[in-house]
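**Student:** To start, I am sharing the structure in question, which I have written as structure tokens.
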Amino acid sequence: MSENEKSLWESYSSPLGDRKVSVCRTINRMFPRMLLGFLWGVSALAAKNDSAQHSQPPLLLVSFDGFRADYLQRFPMPNLKLLYSQGVLVDQLTNVFITKTFPNHYSLVTGLYAESHGILASSMYDPISHKHFSIRNDSDPMWWSAAQPLWLTALDSGYKTAAVMWPGSDVTNRTPTHYFPYNSDMTFQQRLGNVTNWILGDEKEPGVMFAALYWEEPDRSGHLFGPENTTAMTKVLKEVDDNIGLLMYELKRTGLWGHINLIVTSDHGMAQCSADRLIRLDDCLHPDNYTLVDLTPVAALIPKEDTESVFSLLSKCHPHMTAYTKKSIPDRLHYRNHVRVQPIILIADEGWTIVKRGNKLPRLDMIDDRMTPLDPVEEFMSVCQQRETSALSPRPASHGVRVVEKGCSKSCAFIWPVTSQEVRSYPVSWLCRK
Ligand SMILES: [Zn+2]
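If you want the numbering used here, it's the position in the sequence shown, counting the first as 1, plus 2.
Here it is, written out as structure tokens:
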């Protein structure tokens, strides 16, 4: 390790305030050499840190909501680059349809498309139970029970598990060993501190083997200011990157670094919308003719009477909106075979927003804090830290949804092939070990 690389690494041992300044400044100057230097650095550190309690490495899955893939090129992100320089950067993942937080987070922990796990949107209506789902009213297990998230699978295998604010993790009778209900006031540092304590365990309770950690940025700022707002996104992505620095620092401080599998990922990207690109449903259809279940960028409608005539009006409504009856939804979307998929769905082109009426974009704070008035694009980034640093091979993800990349360590392979809607494939080698 060169002197420069050593000083970069040592900056993670210094108090937090010093660390932030030193890392950002050093990496900007040093990045090309750092890519090589840290592969060695992690191995050496892993060999030194024999204090971790687990004979098998636990898995920590961290999601930064709405992290668009090109943020990595547009913004400095020195800590994230430092992290993946020691592991694997997946070039691109394809999220499941629809590009919303809840469906995609549940796909990440179940390996299933939305039509199979049943969390189809942020707002849903179930025609059998006649219940309504929203992200503020989501704890009824009925909505979630078609699939088993990793924290339950691992619990069934005899492991302790944890989740901090991951969608679905606070559902009645379906919780991991440790969890927190959603609370936006809880800082990333507080969430992380609990996670590392749970992974470490204590005399009374063994550490958890699977933990999932959710953070709502940069999604929240992307909604408020737009992903093309360089000033706002620079600020929030600096905070996100600082949190990744904090994550690395905390793992090192607790002795978990080098003894843990870490996946940093996201659920969807985001596209810039504009009040100049609105699609008004009232221009095409009288509001008495339908019930609206969800809105933009994918709207879900229940026609009051004749589905075909409502569909006919909507299909000619706007050149930047495509209407589908339920049975005509394309196979590639994997979004047809569920009772909660409504009789008509409308898909706006990227950058366009569906509204009922008016000339304004819906505002985030007038809807809800994890809904999507700006519509996301179908790509996001995933980073995986390898425990073993040999044979790195970054590559694009294949079709479908999975937490990706073979070889996160000898003991966990994250390829979840989804060759049909019913296939569910977990990181078997990890789950099968006791
Ligand atoms: Zn999201």
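Here a beta-carbon is modelled for each residue, glycine too, at the ideal position from N, C-alpha and C.
Does V251 come out as helix, strand or coil in the three-state DSSP assignment?
**Tutor:** Note on residue identity: the sequence assigns Tyr, not Val, to residue 251. The answer is helix: DSSP assigns Y251 an H, G or I state.
**Student:** Mark G160 as exposed unless 16 or more other C-beta atoms lie within 10 angstroms of its C-beta, in which case mark it buried.
**Tutor:** It counts as exposed.
**Student:** Which term fits V300, buried or exposed, when burial requires 16 or more other beta carbons within 10 angstroms of its beta carbon?
**Tutor:** It is buried - the Cβ of V300 has at least 16 other Cβ atoms within 10 Å.
**Student:** With a CB to CB cut of under 6 angstroms and the five nearest residues on each side skipped, what residues in its chain are close to T198?
**Tutor:** So the list reads E252 and T256, once near-sequence residues are dropped.
**Student:** Alpha carbon to alpha carbon, how far is T267 from L248? Give it in angstroms, no decimals.
**Tutor:** L248 and T267: Cα-Cα distance of roughly 16 angstroms.
**Student:** Is any non-hydrogen atom of ligand 1 found closer than 6 angstroms to the C-beta of D221, if you look at the structure I gave you?
**Tutor:** D221 Cβ: within cutoff of ligand 1.
**Student:** For R70, which residues from the same chain have a beta carbon less than 6 angstroms from its beta carbon, with the 5 sequence-adjacent residues on both sides left out?
**Tutor:** Cβ within range, chain order: P229, G271 and M272.
**Student:** Taking buried to mean at least 16 other C-beta atoms within 10 Å of its own C-beta, is R334 buried or exposed?
**Tutor:** Answer is exposed; the Cβ neighbour count stays below 16.
**Student:** Apply the 10 Å Cβ neighbour rule to N81 and answer buried if 16 or more other Cβ atoms are within range, or exposed otherwise.
**Tutor:** That one is buried.
**Student:** Can you give me the start and stop residues for the alpha helix (DSSP H) that K102 sits inside?
**Tutor:** That residue, K102, is in no alpha helix (DSSP H); it is neither H nor E in DSSP.
**Student:** So, with DSSP's three-state summary, where would you put D128?
**Tutor:** Strand at D128.
**Student:** Under 6 angstroms Cβ to Cβ from G360, same chain only, skipping five residues before and after it: list those, please.
**Tutor:** Cβ within range, chain order: n/a, list empty.
**Student:** Could you tell me if P59 is buried or exposed, where buried requires 16 or more neighbouring beta carbons within 10 angstroms of its beta carbon?
**Tutor:** Buried.
**Student:** Got a sec, what are the start and stop residues for the beta strand (DSSP E) A165 sits in?
**Tutor:** T163 to V166 is the extent of the beta strand (DSSP E) around A165.
**Student:** Counting pairs of beta carbons, one from the region 143-154 and one from the region 294-311, are three or more of them closer than 8 angstroms?
**Tutor:** Taking 8 angstroms as the limit for Cβ pairs, the verdict is that the region 294-311 does not touch the region 143-154.
**Student:** Which residues in the same chain have their Cβ closer than 7 angstroms to the Cβ of S141, if we skip the five residues on either side of it in sequence?
**Tutor:** Closer than 7 angstroms at the Cβ level, and outside the excluded window around S141, lie D172, V173 and T174.
**Student:** Please list the terminal residues of the continuous beta strand (DSSP E) segment that includes S314.
**Tutor:** Here S314 belongs to no beta strand (DSSP E); instead the alpha helix (DSSP H) covers T309 to S317.
**Student:** Could you check the C-alpha separation between P398 and V92 for me, to the nearest Å?
**Tutor:** Residue placement at P398 cannot be trusted, given a pLDDT of 32 that sits under 50; what the coordinates show is reported in the next sentence. Cα to Cα, P398 sits roughly 6 angstroms from V92.
**Student:** What would DSSP say about W145, mapped onto helix, strand or coil?
**Tutor:** Three-state DSSP puts W145 in a helix.
**Student:** Quick test of the definition: if touching needs 3 or more C-beta pairs under 8 angstroms, does the region 231-244 touch the region 208-222?
**Tutor:** They touch, by the three-pair rule.
**Student:** Could you tell me which of T103, G353 and Q191 sits nearest to S276, measuring between CA atoms?
**Tutor:** Here the closest residue by C-alpha is G353.
**Student:** Quick check on the DSSP output: what are the complete alpha helix (DSSP H) runs of length 4 or more inside the region 151-198, in order along the chain?
**Tutor:** Runs found: 152-158.
**Student:** Would you check if the region 179-190 and the region 119-134 touch, i.e. whether three or more CB-CB distances between them fall below 8 angstroms?
**Tutor:** Result no; under three Cβ-Cβ pairs closer than 8 angstroms.
**Student:** Would you please state the rounded distance, in angstroms, between the beta carbons of D284 and K358? I believe it to be under 8 angstroms.
**Tutor:** Confirmed, about 6 angstroms.
**Student:** Measure how close the beta-carbons of L437 and V343 come, nearest whole angstrom, since I'm counting them as under 8 angstroms.
**Tutor:** Residue 437 lies beyond the range of the chain shown here (3 to 436); nothing can be said about it.
**Student:** When we look at the beta-carbon of H261 and count the other beta-carbons within 10 Å, is it buried (16 or more) or exposed?
**Tutor:** Buried, because 16 or more other Cβ atoms sit within 10 Å of the Cβ of H261.
**Student:** Measuring only from the beta carbon, is D67 closer than 6 angstroms to any heavy atom that is part of ligand 1?
**Tutor:** Correct: D67 has its Cβ closer than 6 angstroms to ligand 1.
**Student:** Just the Cα atoms here: how many angstroms apart are Y108 and D67?
**Tutor:** Rounded to the nearest angstrom, the two C-alpha atoms are 13 angstroms apart.
**Student:** Would you say S294 and L303 are within 7 angstroms of each other, going by their C-beta atoms?
**Tutor:** It should be noted that the sequence gives Leu, not Ser, for residue 294. Their beta carbons are under 7 angstroms apart, which means L294 touches L303 by this criterion.
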